[in-house]
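K.L.:
Got a structure for you, questions after.
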Amino acid sequence: MKIYTEGGEPLHEILKAASSDQGATLLVPDLQRPYVWTPSQVTLLVDSLLRGWPFGTLLLWSVHKEELAGIPSRPFWRVVDRTGEFDDQQVGKSNPPAQFRMVLDGQQRLQSLLLAFGGDAWGFRLLDQEWSRVLDAERPKGKNAWRHWSLGHLCLDVWAFRERLKNAGDIDSIDFRDVLSWVVQNPNEGRSAWPRPANYKFPITSAFDAENKGRFVRVSRLWDLAPTQQKPAEKVFRAKLEPLLNDHDVPKDVVADVLDSLAELMIKVVDIKQATVSFLQLSPFDADVGGSQDVYNDAIVNIFTRLNTAGRALTRQEITFAWIKTGWGDGSKTGNRTAGRCFEDLQASLSEAGVSIDIDDLVGTVSAMWSVVHRDGALLTANDLLRGEKVRPMAADLVKSWDTVATNTVEGAQLVRDRGFLFGTHYRSLNVLTLLLAWRLLGRQWLAGHPLAVTVHDGFEKALDAAFKDNCDRWILMSQWSGRWGKSTDKAFADYVKDLAVDWAKISKLATPDNVIAILKARMETWLAALETESSKYVDDLAVLDRKRVHDYYLALWLWHRLDATRWKASALPLRESKRGSLSLDVDHVVAVKLWETLPGAQAQADDEDENALSADDLSTTMNALGNCCLLEKSFNIAKGAEPLGAFLSRVHEFKTNTLTVDGWTKDLGVDATLVDPSGKAAADVRVVVEARTAAMKSELKEYLAGTRKRADV
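Residues in the sequence shown are numbered from -12 upward in steps of one, following the numbering used here.
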């Protein structure tokens, strides 16, 4: 089914539809990335058009007036503000009945031309430091320099135009970037009011400075002189330009020098204004043509997500976030903060709690929690993203409960960090954390709707945190070791979300705190029980053949060191050979590979008749087994050397001074004396010790997974 038509309109009509004082009918979907072009890029675009180069094709989307309210959208900006002090100023949006179109591709170019040609009030408000960067000007200095801003409008520098004209000989040889300038044109609101030192360097000049009298003419004034129908002769423009230049106090000798060339330039402006801009236009859904609304919506969402936006695909989370921002309201219920600010604040708080994620990931996490509490566990699909009735309620729901959602998210992340788990190190799937936070949210959401006596309230919070701590570690480890986030990640995640929604349906009807905690505990017990078999199998199969892969043991060793109090105390000792050595925590061998290779019988045997002969795989498996590895903070690397562990330890301060003994410390770590110094011992004998240690370590790990062994470090 073809859902687009080809067309074209004069550029001036397209710009008028986007900027009309009667209300714009050409809009920008609030699903798009923001306007990101700089003033220099705007100037470059205008220069390209004046040279006769093409504007390019647009991609538009025709929308029925009945559907407009169901699609987050906004008009174009009159003033692009990047100071953080003001809101961007928009064009007014036309009211139905009207035929609306959305710009899916070409927003940056159209917005740029509107800033250049739109009128006296159109322009950029940037911090002076930003102006200096984009215009390659001297950086402002002095007190409050970082606060100063300027509002710039695109102007023709008539004096520079005359100079370039003299040098080039004709306008076709002029680089218009040299004669187009961003200039302050408002005497009262064109610059910030903060005091400046006398020698302050303004990055953009002002038309009201005495030395600039008669120098600048807004480009929009020249645009307005160009008609939309016929193409007047140059003499007609000379008659119009002369009074315009006189009104701008341009000196008479300058007028005489530039008038003919400006009239010639106006012919180029007319060509630009009347040029037909081609576009592809997506048609609105029409049931009479055939196809279903769902198929049509899915196609539109895919077009959004596949459009190139600054070199990357637009994600579904960005579309979701656009809906959230559109329906957020004035922020009165969230401390006068917009949706963007609320999410940015939450992102920053999560980062402080050790979880650094981008806004897309945060939107996905919050969306999942919303689905649990407000959507019966049904996650948003691509088709939902264009159904206002499906996704629009998210913003209203989040506004009402934002404090609860945000606080729960940060507190949950902090609890995970307090347990020693770091995102990106101990777990890499955000699903692991999202489901933990959503599980905890059920308790926090119930508490928010049930006022309790102070002591009961406090008791519930403590019980909730205790349940979280009791299950957090095993959930993080087992959901990964079971392979839950492998091939069918989306389905597994959706199933977990539905489980929580079922629990919320029960919890929301309860009045007793203990019953809420009981349901939460039961859910986690069910989840963990379902993961135990696969997680235990992962531990049984955990082995590497290459010494470069022993880092795969990191998480298992991290846990094993914490399963015994005596062992953990020994593990916590930093092992530094010298004061200058830097400490690092990583997986290392107990018996170095090079040392192992020197042991009697360590060379692989090819004797098929000798059942005791070691094969190459036997040796590699044992040398790189879990039982021949440790995870300690130290300044030396055993694997890179050929010395025994005992030799390294003898150079560590605590052992040199007899504060600790090597025998006692290694015994606490479960390292047999054979492994401390295997020199001269048969490889087969050392292998037996390593395999026994491996089996003992794996046994403890599986006991922990089964819930019969606890961590000793927390």
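Glycine included, C-beta positions come from ideal geometry on N, C-alpha and C.
Alpha carbons only, please: which of 468, 356, 658 and 8 is nearest the one belonging to residue 688?
P.N.:
When only C-alpha atoms are compared, the closest one is 468.
K.L.:
So residue 50 packs on residue 88, CB below 8 Å; how close in whole Å?
P.N.:
Residue 50 to residue 88, Cβ: 7 Å. Contact.
K.L.:
Pop quiz: residue 395 and residue 472 are said to be a contact at Cβ under 8 Å. What is the actual Cβ separation, rounded to whole angstroms?
P.N.:
Their Cβ separation, rounded to whole angstroms, is 22 Å, which puts residue 395 and residue 472 out of contact at 8 Å.
K.L.:
Go through its chain and collect everything with a Cβ distance to residue 148's Cβ below 7 Å, but skip five positions before and after it.
P.N.:
Excluding residues within five positions, the ones whose Cβ falls inside 7 Å are 166 and 245.
K.L.:
Give the range of the beta strand (DSSP E) segment to which residue 73 is assigned.
P.N.:
Here residue 73 belongs to no beta strand (DSSP E), and DSSP marks it neither H nor E.
K.L.:
Between residue 10 and residue 206, what straight-line distance do the alpha-carbon atoms span, to the nearest angstrom?
P.N.:
Each residue's Cα considered, the two are about 23 Å apart.
K.L.:
What residue range does the beta strand (DSSP E) around residue 63 cover?
P.N.:
No beta strand (DSSP E) holds residue 63; DSSP gives it neither H nor E.
K.L.:
Could you pull the DSSP bridge partners for residue 268 from this structure?
P.N.:
Note: residue 268 sits in a beta bridge opposite -8 and 47.
K.L.:
Identify which residue in 681, 505, 466 and 541 has its Cα closest to the Cα of residue 518.
P.N.:
Selected option, being the one with the closest Cα: 466.
K.L.:
Between residue 126 and residue 118, what straight-line distance do the alpha-carbon atoms span, to the nearest angstrom?
P.N.:
Near 9 Å, if we compare the C-alpha coordinates of residue 118 and residue 126.
K.L.:
Kindly indicate which three-state DSSP category residue 413 falls into: helix, strand or coil?
P.N.:
Coil at residue 413, not helix or strand.
K.L.:
Whether or not the stretch 472 to 488 and the stretch 534 to 542 are in contact is what I'm after, with contact meaning three or more pairs of Cβ atoms, one per stretch, closer than 8 Å; do they touch?
P.N.:
Segments in contact, no.
K.L.:
What residue from 283, 259, 262 and 261 has the CA that sits closest to residue 269's CA?
P.N.:
Of the listed residues, the one whose Cα sits closest to residue 269 is 283.
K.L.:
On the DSSP bridge assignment, give the partners of residue 573 in chain order.
P.N.:
Paired residues: 619.
K.L.:
What residues are listed by DSSP as bridge partners for residue 87?
P.N.:
According to DSSP, residue 87 bridges with 50.
K.L.:
Considering only C-alpha positions, which residue in the set 37, 413, 390 and 369 is nearest to residue 431?
P.N.:
Taking only the C-alpha atoms, the option nearest residue 431 is 390.
K.L.:
Label residue 181 either buried or exposed according to how many other C-beta atoms from any shown protein chain fall within 10 Å of its C-beta, with 16 as the threshold for buried.
P.N.:
Exposed, by the Cβ-count rule.
K.L.:
Residue 79: buried (16+ other C-beta within 10 angstroms of its C-beta) or exposed?
P.N.:
Flag for residue 79 reads exposed.
K.L.:
Of the residues 587, 138, 360 and 490, which one's Cα is nearest the Cα of residue 174?
P.N.:
Ranking the options by Cα distance to residue 174, first place goes to 138.
K.L.:
Can the beta-carbon of residue 558 be found closer than 9 Å to that of residue 618?
P.N.:
Yes. Within cutoff.
K.L.:
Is residue 148 helix, strand or coil when you go by DSSP?
P.N.:
In this structure, residue 148 counts as helix in the three-state DSSP scheme.
K.L.:
Where does residue 555 fall in DSSP's three states?
P.N.:
Helix.
K.L.:
State buried or exposed for residue 192, treating a residue as buried only when at least 16 other CB atoms are found within 10 Å of its CB.
P.N.:
Per the 10 Å Cβ criterion, buried.
K.L.:
Assuming residue 366 and residue 425 form a contact by the criterion Cβ under 8 Å, report the distance between their Cβ atoms to the nearest whole angstrom.
P.N.:
Actually they are not in contact, since the Cβ atoms of residue 366 and residue 425 sit about 11 Å apart, beyond 8 Å.
K.L.:
Could you compute how far the alpha carbon of residue -5 sits from the alpha carbon of residue 287?
P.N.:
Straight-line Cα distance between these residues: approximately 21 Å.
K.L.:
Can you find the residues in the same chain that come closer than 6 Å, C-beta to C-beta, to residue 155, ignoring five residues on each side of it along the sequence?
P.N.:
Once the five neighbours on either side are set aside, the close Cβ partners of residue 155 are 161.
K.L.:
Let me confirm a value: residue 164 is counted as buried when at least 16 other C-beta atoms fall within 10 Å, else exposed. Which label applies?
P.N.:
The residue is exposed, with fewer than 16 neighbouring Cβ atoms inside 10 Å.
K.L.:
Count the CB pairs spanning the stretch 222 to 242 and the stretch -4 to 15 that are closer than 8 Å, and state whether there are at least three.
P.N.:
At 8 Å Cβ cutoff, the stretches do not touch.
K.L.:
Taking the Cβ atom as the reference point for each residue, do residue 574 and residue 658 lie within a distance shorter than 9 Å?
P.N.:
Against a cut-off of 9 Å, the Cβ pair of residue 658 and residue 574 comes out as no contact.
K.L.:
Whose CA, out of 290, 400, 66 and 353, lies closest to the CA of residue -10?
P.N.:
Among 290, 400, 66 and 353, the Cα nearest to that of residue -10 is on 290.
K.L.:
So, at 6 Å on beta carbons, what are the nonlocal neighbours of residue 671 in its own chain, with the 5 sequence-adjacent residues on each side left out?
P.N.:
Excluding residues within five positions, the ones whose Cβ falls inside 6 Å are 588.
K.L.:
What residues in its chain sit with their C-beta under 6 Å from that of residue 526, if we drop five residues either side in the sequence?
P.N.:
Excluding sequence neighbours, residue 526 sits near 685, 688 and 689.
K.L.:
Counting only runs that start and end within the stretch 394 to 473, where is the alpha helix (DSSP H) found for 4 or more residues in a row?
P.N.:
The qualifying runs are 417 to 435 and 441 to 468.
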